[in-house]
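> Provided herewith is a single structure, encoded as structure tokens, for subsequent inquiry.
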Amino acid sequence: MKNKLGEYTRDRVSNIPFDANDHFYKEYREKIALFVGQAVYIYSFDQNRILFANGWEDMLGCKDEEITLLKIVNSTSNRYSIFFQ
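Going letter by letter, the sequence shown gives residues 474 to 558 in the numbering used here.
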């Protein structure tokens, strides 16, 4: 049972950061405003990776180019950790 618990999440939540050379990143960087005390990410379940991240160094202490959906989920609550074991 333990192997099945979280299988869906492990298959879809990656540890892959954005690519600064990707056209998606460049487009979002131009269009998405960042406000004080806010961090933003855009995740593609189709590509299984972060497409855009901004503001995470102030929020979590991780540079934007290091942030991944796995880091974001793991930082929100310990109760989600069972889905990544």
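Heads up, the beta-carbon is just placed ideally off N, CA and C, and yes, glycines get one too.
Using beta-carbon positions only, say whether V486 and V546 come within less than 8 Å of one another.
Their beta carbons are under 8 Å apart, which means V486 touches V546 by this criterion.
> Quick one, which of N527, E539 and E538 has its alpha-carbon nearest R502's?
That would be N527, whose Cα lies nearest to the Cα of R502.
> If I'm right that F497 touches F518 with Cβ under 8 Å, what's the distance once you round it to whole angstroms?
About 14 Å separates the two Cβ atoms, so there is no contact after all.
> Is any non-hydrogen atom of the ligand PLP found closer than 7 Å to the C-beta of E503, if you look at the structure I gave you?
As for the ligand PLP, it is missing from this structure, which has no ligand bound.
> Return the CA-CA distance between R483 and I523, expressed in angstroms with no decimal places.
Distance between the alpha carbons of R483 and I523: 15 Å.
> Could you have a look at F525 and say whether DSSP puts it in helix, strand or coil?
Correct three-state label for F525: strand.
> Roughly how many angstroms lie between the CA atoms of E539 and E500, to the nearest whole one?
Straight-line Cα distance between these residues: approximately 19 Å.
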